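So the sequence shown is numbered by our numbering: it starts at 98 and just counts up by one. The next block holds one structure in the form of structure tokens; read it before the comments.
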Amino acid sequence: MQITMEQIQKWDEGDSLKKYRNEFYIKEDSIYMDGNSLGLLSKRAEASLLSLLDSWKNLGIDGWTSGEEPWFYFAEKLGELSAPLVGAKKGEVMVTGSTTSNLHQLLATFYQPEGRRTKIVADELNFPSDIYAIQSILKVKGLDPEEHLIRVKSRDGRTINEEDIIQSLNEEVAVLVLPTVLYRSGQLFDIEKITKVAHEKGIIVGWDGCHSVGAIPHEFHQWHVDFAYWCNYKYLNSGPGGVGALFVHEMHLGRTPGLTGWFGSDKQKQFDMEHTFTPAATSGAYQIGTPHIFSMAPLLGSLQMFEEVGMQKIRQKSLHQTRVLMELMDQELSGFGFQLANPGEDACRGGHVSLEHPEAARICKSLKEQGVVPDFRNPNIIRLAPVALYSTYKDVFETVRILKQIMQEKLYEQYSNEREVVA
Ligand SMILES: *Cc1c(COP(=O)(O)O)cnc(C)c1O
Numbered sequence: 098m099q100i101t102m103e104q105i106q107k108w109d110e111g112d113s114l115k116k117y118r119n120e121f122y123i124k125e126d127s128i129y130m131d132g133n134s135l136g137l138l139s140k141r142a143e144a145s146l147l148s149l150l151d152s153w154k155n156l157g158i159d160g161w162t163s164g165e166e167p168w169f170y171f172a173e174k175l176g177e178l179s180a181p182l183v184g185a186k187k188g189e190v191m192v193t194g195s196t197t198s199n200l201h202q203l204l205a206t207f208y209q210p211e212g213r214r215t216k217i218v219a220d221e222l223n224f225p226s227d228i229y230a231i232q233s234i235l236k237v238k239g240l241d242p243e244e245h246l247i248r249v250k251s252r253d254g255r256t257i258n259e260e261d262i263i264q265s266l267n268e269e270v271a272v273l274v275l276p277t278v279l280y281r282s283g284q285l286f287d288i289e290k291i292t293k294v295a296h297e298k299g300i301i302v303g304w305d306g307c308h309s310v311g312a313i314p315h316e317f318h319q320w321h322v323d324f325a326y327w328c329n330y331k332y333l334n335s336g337p338g339g340v341g342a343l344f345v346h347e348m349h350l351g352r353t354p355g356l357t358g359w360f361g362s363d364k365q366k367q368f369d370m371e372h373t374f375t376p377a378a379t380s381g382a383y384q385i386g387t388p389h390i391f392s393m394a395p396l397l398g399s400l401q402m403f404e405e406v407g408m409q410k411i412r413q414k415s416l417h418q419t420r421v422l423m424e425l426m427d428q429e430l431s432g433f434g435f436q437l438a439n440p441g442e443d444a445c446r447g448g449h450v451s452l453e454h455p456e457a458a459r460i461c462k463s464l465k466e467q468g469v470v471p472d473f474r475n476p477n478i479i480r481l482a483p484v485a486l487y488s489t490y491k492d493v494f495e496t497v498r499i500l501k502q503i504m505q506e507k508l509y510e511q512y513s514n515e516r517e518v519v520a
């Protein structure tokens, strides 16, 4: 059945999350489809940032312990508020560091090569920064990444077969590090199953949640995930460079992290200024230095909306919008050389739709010129992410209509097919 504008309007009218769109700053005459790369600013995030700025203005150093949000406990508070996003218990999540620096911290803690068990398994489609971090921890331990980093191969260049991951797990593997959702194709892994199989083989499992936290519900505690880490500036709308987050399962808490610093101390002990480190009993132990208060502040306002709505509703709308987007592409864009790169089934699909096209770079430039903000990934991928809290079905419909016009009128031909510095 054809998807018509009338149908689109009905979906928008019946959308139980529609009131949240007004909470965001959305440019007029612009369709934002890049929330999986950098989420938009909300009024609540702006308010929480300004409120923290005020505490500095009014309190000076006393802002650490007084005011509405005492800075000394702010990372812990945001960690508690983030816990429901990943199915964590209080004390398992901390807002600190960045995706990459948190991976360094977690590998420094959990990667303990011993005897024949020296290898780290990742996948060949993983985000480069995660791979760089793994390569560097191997070097720190005096091991050759060529030999000790195993990257599970993709059969089709887009997805990783879960059987191939499982096949790679043997008694030489110490740690498995995977993304929950692949950043290019948007493939969502069966986190629970893979974690369970790896544990049966005595392997520690860590997940990169950058492309799922804020888009998909998780049960990290219940699934016995050992550790996880993610950024807050994609689906969680905390702003450019917003502080990241990490999860350490309760079963591992209480030990001293691989990288230590005074903000990882037990809070009662920290200002004793002793040269003997006493770690916090929670994942707070994984903090290193003074928290970046203003880069964390927008997250406070943003998380309120996630708390109000709950991840189930967000996932439900996201799955429906990406489904509609794929159906519209099927309906309108056949014959233009596009190839869908993301898995079609709901159980294996993240929050974005991924299109391959040989002219992808310049099609993206043309989309931007026409008011649609897409996301280009080298060499040939157009990622489109309708975001449940602020994207409408009309946004989805218009994106496909404009894309069709660009292809029909060959509007992309006026641009060069090369990526920009930041793509
Ligand atoms: C966005 C992203 C990163 C970015 O890392 P930062 O340290 O936040 O710059 C890393 N890994 C994955 C999978 C990502 O999607």
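No residue lacks a Cβ here, since even glycine has one placed at the ideal position from N, Cα and C. Note that the coordinates shown come from a computational prediction; the quantities given were computed from them, not determined experimentally.
- Y326 is bridged by DSSP to D305, L343.
- Beta bridge pairing from DSSP links L285 with V278.
- The beta carbon of G341 lies closer than 8 Å to those of V192, T193, G194, S195, T196, S198, N199, Y326, W327, C328, N329 in the same chain, with the five residues before and after it left out.
- Relative to the non-hydrogen atoms of ligand 1, the Cβ of P276 comes within a distance shorter than 8 Å of at least one.
- Taking 8 Å as the cut-off, the C-beta of S198 counts as close to a heavy atom of ligand 1.
- When DSSP states are grouped into helix, strand and coil, F473 belongs to the strand group.
- Assignment of V519 by DSSP, reduced to helix, strand and coil, places it in the coil class.
- When secondary structure is reduced to three states using DSSP, P210 falls in the coil class, being assigned neither helix nor strand.
- Of N475, P388, V518, G432, the smallest CA-CA separation from L175 is found for P388.
- For A394, the enclosing alpha helix (DSSP H) stretches over residues 390 to 406.
- In the DSSP secondary-structure assignment, Q367 is not bridged to any residue.
- Looking from the CA of W108, the closest CA among E189, F494, R480 belongs to F494.
- With a beta-carbon spacing of about 16 Å, P483 and Q428 fall beyond the 8 Å limit used to define contacts.
- Note that the C-beta distance between V294 and L275 is not below 9 Å.
- Between the beta-carbon of S463 and that of L508 there is about 5 Å, and that keeps the pair under the 8 Å contact cut.
- The C-beta distance from I247 to S265 rounds to 6 Å, short enough to fall under 8 Å.
- Annotated as proximal: S148 and E166, with beta-carbon spacing under 9 Å.
- Where S451 is concerned, the enclosing beta strand (DSSP E) starts and stops at 450 to 453.
- Here the alpha carbon of G447 sits roughly 6 Å from the alpha carbon of V278.
- N223 has its Cβ nearer than 8 Å to a heavy atom of ligand 1.
- Between H449 and R498, the CB-CB gap reaches or exceeds 9 Å.
- For a cut-off of 8 Å, the C-beta gap from I123 to Y117 is around 11 Å, too long to register as a contact.
- Pairing I231 with F391, the inter-Cα distance amounts to about 29 Å.
- Around the C-beta of N439, 16 or more other C-beta atoms lie within 10 Å, and the residue is accordingly described as buried.
- Around the beta carbon of F368, fewer than 16 other beta carbons lie within 10 angstroms, which makes this residue exposed.
- No Cβ-Cβ contact shorter than 9 Å links L437 with L416.
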